[in-house]
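S.K.: Submitted below is the structure of interest, expressed as structure tokens.
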Amino acid sequence: MKEFLKRKNIVISGKRYGIDALSAMAQGLFASLLIGTILNTIGKQAGIGWLTEVGGYASSMSGSAMAVAIGYALQAPPLVLFSLVTVGYAANALGSTTLSGGAGAGGPLAVLFIAIIAAECGKAVAGETKVDILVTPITTILVGLAMSYLIAPAIGTAASSVGSVVMWATEQQPFLMGIIVSVVVGIALTLPISSAAICAALGLTGLAGGAAVAGCCAQMVGFACMSFKENKWGGLISQGIGTSMLQMGNIVKNPKIWIAPILTSAITGPIATCVFHLQMNDPASAVASGMGTCGLVGQIGVYAGWVADVASGAKASITAFDWIGLFLICFILPAVLTTLFGAWFRKIGWIKEGDLKLS
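Structure representation (structure tokens):
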């Protein structure tokens, strides 16, 4: 069996499934739902009908995009990879419902589990028969759809329950939960996993979504500014609107460099929830809660929520206070606080010359 799995490149490990597949899924989500949301928002605000339509098409393909991205990360052969288009669509659709038939938040999470199972089963039979062109896609699709019908609604129910508890707790205890959500999601963003996929899987919106945005911005903008001495403008841009994950190698060498942005997230999270009531109120943009300043997706998601609230009558208008809160939480406070913390840690010797240098 070990030789068979090795020959088929089926590696059962936490890294391949929990890091490689999850990170790839986030990219698929970004290339479909996130881009679709951005285009849809621009189209609506600018009155460009065709752009709104394009955004809708892009968003509707999120399940397929995620599944193919996962298959790519698992190094699936072409026939398996192409078959995952159908699997991802079904898993996302069925995972977005609950066992009771209501709306669920587990579409991305269902895609992650089911696409992995379908891809590995497809890889196992690929090239084993003379009618591979039939056997491989049929196996991949049937396994994927069977799993979608069997477990996707249950995943949708579980994800919705967890997400609802987090969001309810944040409403009840905005200060404490503002700290917890901001710190945890921010840490997840810098780790080689996907905070965006986690937020999407839980459907993390509302105040909890705002806290998540705060935590992600504290990591990205924080590391970008704190390491400006070492990395200059290139590092500022690559980390500030790219990813703080670039610092993971340095964190492994000296974990103390992570303390400053984590402390910042513990401060900006409750300020977001208690002072500015920063929320992610567009359900389609739950994934944006875990994106921070990456491509400014987090900020676009917050703005899309404002627009949706105004359209529904839940919010009278977008105020100057809203914009001040957004800029303070996402850019100004992370830059100032992390830089100050970083300067102190340099002074006491916790951060040494070159510790934040990107290779």
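Every number in the numbering used here is 1020 more than the matching position in the sequence shown, counting from 1. For each residue, glycine too, the CB sits at the ideal point set by N, CA and C. In this text, all values refer to a predicted model and were calculated from it rather than measured experimentally.
#1: Cα separation between residue 1372 and residue 1193?
#2: Shortest alpha-carbon distance to residue 1117 belongs to which of 1169, 1176 and 1063?
#3: Below 8 Å on the Cβ atoms is my contact criterion, and I expect residue 1232 with residue 1310 to pass it. Report the Cβ-Cβ distance as a whole number of Å.
#4: Since residue 1172 and residue 1114 should fall inside the 8 Å C-beta cutoff, what is the C-beta to C-beta distance between them, to a whole number of angstroms?
#5: Would a C-beta distance cut-off of 8 Å place residue 1210 and residue 1201 closer than the cut-off?
#6: From residue 1136 to residue 1302, what does the alpha carbon distance come to, in whole angstroms?
#7: With distance defined between alpha-carbon atoms, name the residue in 1376, 1073 and 1243 nearest to residue 1055.
#8: Taking the C-alpha atoms as reference points, what is the distance between residue 1153 and residue 1103?
#9: Please confirm whether residue 1284 and residue 1361 have their CB atoms less than 8 Å apart.
#10: Under a three-way DSSP split, which group does residue 1311 fall into?
#11: Does the beta-carbon of residue 1070 have 16 or more other beta-carbons within 10 angstroms, so that it is buried, or is it exposed?
#12: To the nearest angstrom, report how far apart residue 1148 and residue 1023 are at their CA atoms.
#13: According to DSSP, what are the bridge partners of residue 1226?
#14: Look at the Cβ atom of residue 1315, then the Cβ atom of residue 1281, and state whether they are nearer than 8 Å.
#15: Would you check if the distance between the CB atom of residue 1359 and the CB atom of residue 1238 is smaller than 8 Å?
#16: What number of angstroms, rounded off, separates the C-alpha of residue 1166 from the C-alpha of residue 1298?
#17: Could you pull out every residue in the same chain whose Cβ sits closer than 7 Å to the Cβ of residue 1270, ignoring the five residues on either side in sequence?
#18: Count Cβ pairs between the stretch 1078-1087 and the stretch 1341-1350 that sit closer than 8 Å; are there 3 or more?
#19: Of the residues 1035, 1031, 1037 and 1112, which one's Cα is nearest the Cα of residue 1052?
#20: Is residue 1160 helix, strand or coil when you go by DSSP?
#21: By Cβ distance, which residues of its chain are closer than 8 Å to residue 1208, with the 5 residues on each side in sequence left out?
#22: Under 7 Å Cβ to Cβ from residue 1089, same chain only, skipping five residues before and after it: list those, please.
#23: Please classify residue 1259 as buried or exposed, where buried requires at least 16 other C-beta atoms within 10 Å of its C-beta.
#24: May I ask which residues mark the beginning and end of the alpha helix (DSSP H) holding residue 1194?
#25: So for residue 1117, helix, strand or coil by DSSP?
#26: Skipping 5 residues on each side, what residues in its chain have a beta carbon closer than 7 Å to that of residue 1236?
#27: Does the beta-carbon of residue 1330 have 16 or more other beta-carbons within 10 angstroms, so that it is buried, or is it exposed?
#28: On a CA-only basis, which of 1042, 1080 and 1221 is nearest residue 1060? Give me that one, please.
#29: Hey, out of 1127, 1130 and 1164, whose CA is closest to residue 1141's CA?
#30: Please work out which residues of its chain come closer than 6 Å, Cβ to Cβ, to residue 1094, disregarding the five sequence neighbours upstream and downstream, and give them in chain order.
#31: Should residue 1108 be labelled buried (16 or more other beta-carbon atoms within 10 Å of its own) or exposed?
#32: Throw me the rounded Cβ distance for the residue 1300 and residue 1322 pair, which I believe falls under 8 Å.
#33: Expressed to the nearest angstrom, what Euclidean distance is found between the alpha-carbon atoms of residue 1342 and residue 1296?
#34: Taking residue 1092 as part of the alpha helix (DSSP H), name the residues at either end of that continuous run.
M.R.: Let me lay it out:
#1: 38 Å
#2: Of 1169, 1176 and 1063, the residue nearest in Cα terms is 1176.
#3: 6 Å
#4: 4 Å
#5: Contact flag unset, no.
#6: 29 Å
#7: For residue 1055, the nearest C-alpha among the options comes from 1073.
#8: Rounded to the nearest whole angstrom, the C-alpha separation of residue 1153 and residue 1103 is 11 Å.
#9: yes
#10: coil
#11: Residue 1070 should be labelled exposed.
#12: 15 Å
#13: 1300
#14: no
#15: no
#16: 41 Å
#17: 1277, 1375 and 1376
#18: no
#19: 1112
#20: helix
#21: 1214, 1215, 1218 and 1310
#22: Same-chain partners within the cutoff: 1044, 1045, 1047 and 1048.
#23: buried
#24: 1194-1210
#25: Secondary structure at residue 1117: strand, using DSSP grouped into helix, strand and coil.
#26: Once the five neighbours on either side are set aside, the close Cβ partners of residue 1236 are 1205, 1206, 1209, 1215, 1310, 1311, 1312 and 1318.
#27: Exposed, because fewer than 16 other Cβ atoms sit within 10 Å of the Cβ of residue 1330.
#28: Looking at 1042, 1080 and 1221, the one whose alpha-carbon comes closest to that of residue 1060 is 1080.
#29: For residue 1141, the closest C-alpha among the options 1127, 1130 and 1164 is that of 1164.
#30: 1139
#31: Burial call: buried.
#32: 6 Å
#33: Approximately 7 Å between the Cα atoms of the pair.
#34: Counting along the chain, the alpha helix (DSSP H) containing residue 1092 begins and ends at 1082-1093.
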